[in-house]
Structures are given as C-alpha cells and as structure tokens.
C-alpha cells in the first residue's frame, strides 16, 4: 500500500481500506463532508463538482462509481483478486466464487471445472456459507475485544498485495518509527543508510520507498532505476525486493513498472 497526494495533502491509502465498514468496502468508496474516496486505489473526487467523461457529465458520487467500474471492473473482481493471504481463500474457492458471481448454476460450474457432480458444488456452497458464519462470529469477537483490551499495541496493517502475511508483518507503529529513524537517518525523503538484514525491517523500509513512487505513474526501467539510485546504491536489489514483497508489478519483459493498487 502507499500514500497518495491529493491537492498537496498526504493521504494514507492503507488505513482507510482496513478501517472501512463492510458496507463501504462492498461499494468500494468512502464519503466524508468534502469528498468521495476510492478504497481500491485512493482516487478522490470533491463534492459539488460536475465531472466530464466521454462527453457526459456526472455528479461526484456517480463519477466515483464510474471510476471503480472503469478502473477496477467491480469491487468483487478487485477483492477476489487480492492475495489469498488477504482473502483467506484457496485458489479452488476463488474459482468457485467467480463462477457463483457470474450467475452460473451448479451443473454449469461442475462441467466447466470438471469436478465431481452438482452435489459436489452444493457442498462447496455450504462450506463457504460456514466460512461466512465463522467470519461474522470472529469479527464480532474482535469488535468486543477492542472495548476491553487496553494493552493491545497499534499494529501497522500489511499492504493489500503482501505476498506472505506472517510474523514478518507483526510490526507496531512504535517499532516502525524506530526502524525508519535507524535506516533513513536524513529523513524519509533522504537516502537509505543500509539495507536491513532482517525481513521485518526490510518490509518497513520497502514500504517507505514505495511511498516515494507515484501511484498513478508507469515507469520505464531506466526511470525507475534513476529514482531508486537516489535512495540506495544497489538499486537493483531494491527493485527486486519491491517486486518480491508485492509493492511493484511489471511487464514480463521488465520494460515497464508500476505500484500495485
């Protein structure tokens, strides 16, 4: 995840997504007094402004919905495409849910996936319903816990495209500040003093580096290298780890790079 700059204001794109209500996540955007904000990429539109799109004019809320349709397909497509460490779904479950969302019946799904019988698909539907009930129960437990657990530390949320969410991501906000002070001794806009030896520290540092890239830009390899050289001499190492940890994506031939959204 990354920060985006809107009208000169720095907006943390991670916190709104994880703190959004279920209804807000379902629709893909949040609303405050002044604007609508896309939870999927950080795009913001101001209220009270009419936005043109292909010779049609839209009020702000309709425009943010149009933005989601054009740039993310649908909220379902975006969420189901997140890493399984974020969704908690296996590849098999993800495929089934895609078929269900497409409105296919059990027989059609069974034939396309070439598994078992229609009753096998019904069994999977039941198991997914069980998973939903368990998730609701766990969510309620955690909400109640927040009211009582006064010693719970503030953890830094993992970015949405983290490739392996485990103990490496168990970083408190206090730990994050200390790590950043240690490795960016001239401030977050300065160079990296050295590359951390521990993975937990690497993730914090890589997130800070990713925050310095434009979330809406597509970089040539040379342009990306030039930016990373200003941060650390071994820019190839930084580039490789940004991809490995799920911050960056690229074309297969390595000619173009961009931040994952």
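In our numbering, the protein residues as written are 16 to 276. By construction, the Cβ of each residue, glycine as well, lies at the ideal position given by its N, Cα and C atoms. Predicted model only: the values in this text are computed from it and were never measured.
Report the three-state DSSP secondary structure of residue i (helix, strand or coil).
{"i": "residue 142", "result": "helix"}
{"i": "residue 271", "result": "strand"}
{"i": "residue 256", "result": "helix"}
{"i": "residue 233", "result": "coil"}
{"i": "residue 129", "result": "coil"}
{"i": "residue 12", "result": "The chain is shown from 16 up to 276; residue 12 falls before or after that span and cannot be answered."}
{"i": "residue 46", "result": "strand"}
{"i": "residue 116", "result": "helix"}
{"i": "residue 250", "result": "helix"}
{"i": "residue 68", "result": "strand"}
{"i": "residue 36", "result": "coil"}
{"i": "residue 19", "result": "Residue confidence is low: residue 19 scores 35 on pLDDT, short of 50, so the model does not pin down where it sits. Its coordinate-derived value is still stated next. DSSP places residue 19 in strand when its eight states are reduced to three."}
{"i": "residue 4", "result": "Nothing in the structure corresponds to residue 4, since the chain is present only between 16 and 276."}
Measure the CB-CB distance between residue i and residue j and report whether it falls below 9 Å.
{"i": "residue 276", "j": "residue 55", "result": "yes"}
{"i": "residue 247", "j": "residue 207", "result": "yes"}
What separation, rounded to the nearest whole angstrom, lies between the Cα atoms of residue i and residue j?
{"i": "residue 66", "j": "residue 78", "result": "7 Å"}
{"i": "residue 144", "j": "residue 115", "result": "13 Å"}
{"i": "residue 13", "j": "residue 211", "result": "Beyond the ends of the chain as shown, which are 16 and 276, falls residue 13; an answer cannot be given."}
{"i": "residue 61", "j": "residue 157", "result": "34 Å"}
{"i": "residue 183", "j": "residue 194", "result": "13 Å"}
{"i": "residue 124", "j": "residue 257", "result": "37 Å"}
{"i": "residue 107", "j": "residue 63", "result": "44 Å"}
{"i": "residue 227", "j": "residue 214", "result": "20 Å"}
{"i": "residue 103", "j": "residue 35", "result": "18 Å"}
{"i": "residue 81", "j": "residue 88", "result": "10 Å"}
{"i": "residue 270", "j": "residue 96", "result": "24 Å"}
{"i": "residue 190", "j": "residue 32", "result": "22 Å"}
Return the first residue and the last residue of the beta strand (DSSP E) that residue i is part of.
{"i": "residue 265", "result": "263–265"}
{"i": "residue 60", "result": "59–61"}
Considering just the uninterrupted stretch of the alpha helix (DSSP H) at residue i, what are its terminal residues?
{"i": "residue 192", "result": "188–198"}
{"i": "residue 222", "result": "214–225"}
Cβ-heavy atom distance between residue i and the ligand NAP below 8 Å?
{"i": "residue 49", "result": "Among the ligands in the structure shown, none appear at all, so the ligand NAP cannot be discussed."}
Where are the alpha helix (DSSP H) runs, 4 residues long or more, that stay fully inside the region 73–110, in chain order? 75–87, 90–95 and 99–102
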